[in-house]
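What follows is one structure encoded as structure tokens, with my remarks underneath.
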Amino acid sequence: MKLSRLSLVLSLGLLLAMPAFSQDPTEASDPNTTPSDGSASEDPTVPSIDVTVNESPSETGALPQPTGTDGTTSTPGITPNPPPNDTQQAGSGADCSTLKTIYSNMNGPNWLNKTGWESQDASSCCSWFGVSCNNGGRVKGILLPANGVSGPIPPEIGQLSGLLSLDLSKNQLVGQIPESLWSLVSLISLNLDGTGLSGAIGESIGGMARLQNLHLRNNTLTSIPESLSRLTTLRGLALDHNQLQGSISEEIGNLVKLQAIYFKHNMLNGTLPESLSRCTNLRAISLSHNRIQGNIPPSYMTLTNLTALDLSHNGLIGPIPGDIGNLKKMEKLSLSQNQLVGPIPGSLGALERLQRLTIHLNALNGVFPDMPSPKNMTFCKVQPNPFNGCPPDSHVRDRTTLAFQCHLDCSPKSIHTVTAAGAAMLPTPAFIVLLAILLLSHI
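Numbering (mature numbering (1 follows the signal peptide of the UniProt record, and there is no 0)), first residue to last: -22 to -1, 1 to 421.
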């Protein structure tokens, strides 16, 4: 009889404890997660940031400007579709010959659009599909996204010394990025997103002194070169959904013109680089789904141009910085699935432009703040967290409050409330132990 009752108590304890350790049932539909098919989805937590890329006044011709309207690019700077040529003059014979080599080595006959590429005219390449030239006939742009291009990038691409923009995204490329590509020191925009490229990013990338937009997302690249910190003209940096390892160097703070950094879904470790706070033009930081540890640097709260900050799915500890209210332009904030502790800062109420807030699955405690909800709030998730109390019921039911917009559950199983007698209700595991003691004392 005694064993039977003991088994009953222990079974009850396990049953009650399970929700605290099981996956949040809404996590499967959390927009911050990767789809089950492994593809990269658009992350509503981090907005699209279009960074206009201009040639210097001394350059001839005009580099195409990003449209950012058809959804084909979700990060800074690359025009999704090839623009019309601004000139129809004869192209450089050497450049046209190099393009012919690229065509033959990258499965050209099977491209979706190969208009002009099979021409026998050795100087006609300025009119070929996806190619643009400057007034001197030098090839300045190759824009062939999602065009059935396949195979390795031939080393001859490094011969196009006048190239300013290269977009081979969403094609079926193989192998590593050739070292010769990093010799294109005039390049301003490079987009190799979703191509299947692998291996390390070459250290010689540091010589691309004019590069403003670097998109290498959705590949299997393995490392961030130290020389990346020499690209001081960079404004958009997208290396997410790769297999990047190691830590983010403090030298990244040298990229003072950076407006958006996307490193999510990698295997990065170490701590958040304090030096990133020197990049005061930053509007979007996405470092989620890595293995980053340590505290959120308080200095990040000086990045007052930030509209999106996603540090979710890491191993961050410590409190949410109390000065987070300084980020007045913040629209999307995600700190979920870390090990953050302490109360929600009262200054959070100063984020009047906030639209999305996800801070669930941490160890945040204290009484949930009684504050109004930002008027543009569309999504909020704050539980599970071991909060110690709720605002008054009337406020929780008030549509204008943060508690209402976050669907705050104030039931005893979700909130460790304080009773009228002043005694705090015990968390579930402690309650189970107490219940077991009481029952066993009567066996």
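Yeah, the Cβ is synthetic: ideal placement off N, Cα and C, and Gly gets one too.
Please name the residue in 108, 280 and 78 whose C-alpha comes closest to that of residue 98.
-> 78
Just mark residue 6 as buried or exposed, buried being the case when its beta carbon has 16 or more other beta carbons within 10 Å.
-> At residue 6, the pLDDT of 31 sits below 50, so the modelled position is not reliable and the matter cannot be decided from this model.
Taking the alpha-carbon positions, what's the residue 218 to residue 308 distance?
-> 21 Å
Evaluate the contact criterion for the stretch 87 to 107 versus the stretch 131 to 144: three or more CB pairs, one atom per stretch, below 8 Å.
-> no
Excluding sequence positions up to five away, which residues of its chain have a Cβ less than 6 Å from the Cβ of residue 160?
-> 180, 182 and 183
Tell whether a beta-carbon distance below 8 Å holds between residue 251 and residue 226.
-> yes
Expected contact under 8 Å - CB spacing of residue 358 and residue 335 to nearest Å = 5 Å
Residues bridged to residue 245 [DSSP beta-bridge criterion] = 223
Quick one: grab the DSSP three-state call for residue 193.
-> strand
Starting from residue 78, trace the alpha helix (DSSP H) both ways and give me its first and last residue.
-> 71 to 83
Beta-carbon contacts of residue 216 that lie in its chain and below 6 Å, excluding the five residues immediately before and after = 53, 193, 195 and 240
With residue 357 as the anchor, note down where its beta strand (DSSP E) starts and where it stops.
-> 357 to 359
Express the C-alpha separation of residue 223 and residue 168 in angstroms, rounding to a whole number.
-> 22 Å
Beta-carbon proximity of residue 329 to residue 303, cut-off 8 Å = yes
DSSP-derived helix/strand/coil call for residue 452 = Summary: the structure shown does not reach residue 452, with the chain confined to residues -22 through 421, and so no result is reported for it.
Please report how far the alpha carbon of residue 269 lies from the alpha carbon of residue 107, in whole angstroms.
-> 43 Å
Any idea if residue 292 is buried or exposed, counting beta-carbon neighbours within 10 angstroms, 16 or more meaning buried?
-> buried
Between 145, 323, 109 and 247, which lies nearest to residue 173 when the distance is taken from Cα to Cα?
-> 145
Look at the alpha carbon of residue 340 and the alpha carbon of residue 228, and state the distance between them as a whole number of angstroms.
-> 27 Å
Integer-rounded CB distance, given that residue 254 should sit under 8 Å from residue 278 = 7 Å
Sequence-distant residues of its chain with Cβ nearer than 7 Å to residue 201 (five each side left out) | 178, 179, 222, 223 and 224
Extent of the continuous beta strand (DSSP E) run through residue 287 | 286 to 288
Thinking C-beta only, is residue 366 closer than 8 Å to residue 344?
-> yes
Whose C-beta lies closer than 7 Å to the C-beta of residue 275 among residues of the same chain, with five residues either side of it excluded?
-> 250, 252 and 255
Going by beta carbon distance, what residues of the same chain come within less than 7 Å of residue 297, once the five residues before and after it are set aside?
-> 318, 319 and 320
Can you tell me where the alpha helix (DSSP H) with residue 374 in it begins and where it stops?
-> 371 to 374
Buried or exposed: where does residue 76 fall if 16 or more other Cβ atoms within 10 Å of its Cβ makes it buried?
-> buried
Can the beta-carbon of residue 166 be found less than 8 Å from the beta-carbon of residue 199?
-> no
Work out the CA separation of residue 84 and residue 428 for me, nearest whole Å.
-> Summary: the structure shown does not reach residue 428, with the chain confined to residues -22 through 421, and so no result is reported for it.
Under three-state DSSP, which class holds residue 270?
-> coil
Quick one: what does DSSP say residue 100 is sitting in, helix, strand or coil?
-> coil
Cβ shell of residue 132 (< 8 Å), same chain only, five flanking positions each side left out | 79, 80, 83, 84 and 156
Taking only the alpha-carbon atoms, compute the straight-line gap between residue 271 and residue 248 and give it to the nearest angstrom.
-> 6 Å
Unbroken beta strand (DSSP E) runs of length 3 or more, entirely within the stretch 109 to 156: which are they?
-> 109 to 111, 117 to 121 and 143 to 145
For residue 240, write down the residues that DSSP places opposite it in a beta bridge.
-> 216 and 264
Quick one, are the C-beta atoms of residue 164 and residue 115 less than 8 Å apart?
-> no
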